[in-house]
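Structure, as structure tokens:
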Amino acid sequence: MEPGSVENLSIVYRSGDFLVVNKHWDVRIDSKTWQETLTLQKQLRHRFPELADPDTCYGFRFCHQLDFSTSGALCVALNKAAAGSAYRCFKERRVTKAYLALGARTQSQASRSWLSWNTGCTRETLSPKCC
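Residues in the sequence shown are numbered from 0 upward in steps of one, following numbering that gives the first Met the number 0.
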């Protein structure tokens with residue numbers, strides 16, 4: 000994936016209620032400061048000015064967060080009802096997030112390895128699991 004810019008926002012899914020975008024790495028989701036040159040909020044406003052909602056703080060209803068350095072699918076609700084529905088799904092833990100980390104190896108280390116473990120709380124235990 001190339002570095003993020005205002006123009007290169009990739010759309011994963013769009014319906015009347017939700018927009019799922021592929022957030023670039025090293026891009027903030029939103030910001031109230033003018034120093035931020037690129038945010039997902041600015042990308043969305045550039046690509047979909049008609050979807051910006053002046054009743055919201057950032058112009059869009061982000062259903063969840065991704066860290067600044069993390070790339071991946073991010074869901075944006077396009078109306079209050081959809082935002083409420085997404086909120087309930089996250090609150091009731093009916094949503095699953097999965098993370099995949101890709102690493103580069105030298106040619107002599109070309110064997111493939113898979114690591115798989117839970118992070119956060121599981122149904123079996125309420126204590127956090129760290130990776």
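Note that the Cβ used here is the ideal one computed from N, Cα and C, for glycine as well.
Cβ-based neighbour list, residue i, same chain, cut-off 8 Å, excluding 5 preceding and 5 following
i	result
residue 134	Because the chain is modelled from 0 through 130, residue 134 falls outside the range shown and cannot be assessed.
residue 12	18 and 19
residue 47	18
residue 65	22, 28, 71 and 73
Outcome for residue i when other beta-carbon atoms lying within 10 angstroms are tallied against a minimum of 16
i	result
residue 45	exposed
residue 41	buried
residue 9	exposed
residue 81	buried
residue 89	exposed
residue 101	exposed
Residue j beta carbon less than 8 Å from that of residue i
i	j	result
residue 7	residue 71	no
Residues of its chain near residue i, where Cβ-Cβ distance is below 7 Å and the 5 sequence neighbours each way are ignored
i	result
residue 38	26, 27, 28, 29 and 30
residue 85	62, 74 and 76
residue 5	37, 41, 42 and 45
Same chain only: Cβ atoms within 6 Å of residue i, ignoring 5 sequence neighbours per side
i	result
residue 60	76 and 82
residue 51	44 and 58
Quick one: any contact between the segment 88 to 97 and the segment 50 to 57, if contact means 3 or more CB pairs under 8 Å? The segment 88 to 97, when compared against the segment 50 to 57, does not touch it at the 8 Å Cβ threshold.
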